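>
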Amino acid sequence: MRILKEDSIAVLVDVQEKLLPHIHEGEEILKRTARLIEGLRLLEVPVIVTQQYTKGLGPTHPLLAQGMHEFSYIEKISFSCCGEASFIDRLRESGKKTVILFGIETHVCVLQTCLDLLHSGYKPVLVYDCVSSRRPEEKRIAAERMKQEGAVVTTFESILFELARVAGTEVFKKISGLVK
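With the sequence shown counted from 1, adding 1002 to any position gets you the working numbering.
Written as structure tokens, this is what we have:
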């Protein structure tokens, strides 16, 4: 399956201030995720942001919020993003069928969102190096399950170049700078 930017939307799942310090390799995930968001912005791929129980877990990490400039988030208490009607509405309104997933935690909210997207006829793409959990084993097993269920598993560099499709453009040059 070829991933095309015209048919793609991205979902940043719950990368929140109070949760991130407990995540395995949290700082590295944060840095890669910030570069992924910048690349998606350059490619004009829309990004939906979710926050799980903001009152308890805090807002989206400032580094990511800054990179998206102005954004609104979808508040959720359901582990799956698909458990929130406003999330489903935003997906439907976008008309996109490929959903690029990244965030935390891999084995809870990202996994359940992925499974629900598959059930609803979407094509989830898991950005493996931009997801994590408290324990690395949880991430690995959840990613394996998503792949077994039919999700595409990729990396942030790979997805950005696939969405860009060609070299030699200004966008390509900027994305090349992001992945170095």
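Ideal Cβ positions, reconstructed from N, Cα and C, are used throughout, including at glycine. Values in this document were obtained by computation on a predicted structure and should not be read as measured data.
Take every Cβ of the stretch 1152-1171, pair it with every Cβ of the stretch 1039-1046, and state whether three or more of those distances are shorter than 8 Å.
The answer is yes - the stretch 1039-1046 touches the stretch 1152-1171, with three or more Cβ pairs under 8 Å.
> Examine the Cβ distances between the stretch 1018-1035 and the stretch 1043-1052 and report whether three or more of them are shorter than 8 Å.
With a cut-off of 8 Å, the stretch 1043-1052 and the stretch 1018-1035 do not count as touching, because too few Cβ pairs lie within range.
> Which residues bound the beta strand (DSSP E) around G1105?
Segment T1100 to I1106, the beta strand (DSSP E) holding G1105.
> Report the rounded CA-to-CA distance for K1098 versus D1009, giving the unit in angstroms.
If you take the alpha carbons of K1098 and D1009, they lie about 5 Å apart.
> Given that a residue counts as buried once 16 or more other Cβ atoms are within 10 Å of its Cβ, and exposed if not, what is L1014?
Burial call: buried.
> Go ahead and label G1170 buried or exposed: buried means 16 or more other beta carbons lie within 10 angstroms of its beta carbon, across all protein chains shown.
Result: exposed.
> Distance check for V1154 and P1138, CA to CA, integer angstroms please.
Whole-angstrom Cα-Cα distance: 20 Å.
> Report back the beta-carbon spacing between H1109 and A1144 to the nearest angstrom; my notes put them in contact at under 8 Å.
Rounded, the Cβ-Cβ distance is 4 Å, consistent with contact.
> Identify whether K1182 lies in helix, strand or coil by the three-state DSSP scheme.
Note: K1182 maps to coil in three-state DSSP.
> So, with DSSP's three-state summary, where would you put I1076?
Here I1076 sits in strand by DSSP.
> Which of the three DSSP states, helix, strand or coil, is assigned to D1091?
In this structure, D1091 counts as helix in the three-state DSSP scheme.
> With I1005 and V1127 assumed to form a contact (beta carbons below 8 Å), what rounded beta-carbon distance in angstroms separates them?
Contact holds; Cβ gap of about 6 Å.
> Smallest Cα separation from K1057: which of K1078, G1028 and A1012?
Taking only the C-alpha atoms, the option nearest K1057 is K1078.
> Kindly provide the ranges of any beta strand (DSSP E) runs that are 3 or more residues long and lie completely inside the stretch 1016-1086, ordered along the chain.
Here the runs fully enclosed are 1049-1054 and 1075-1078.
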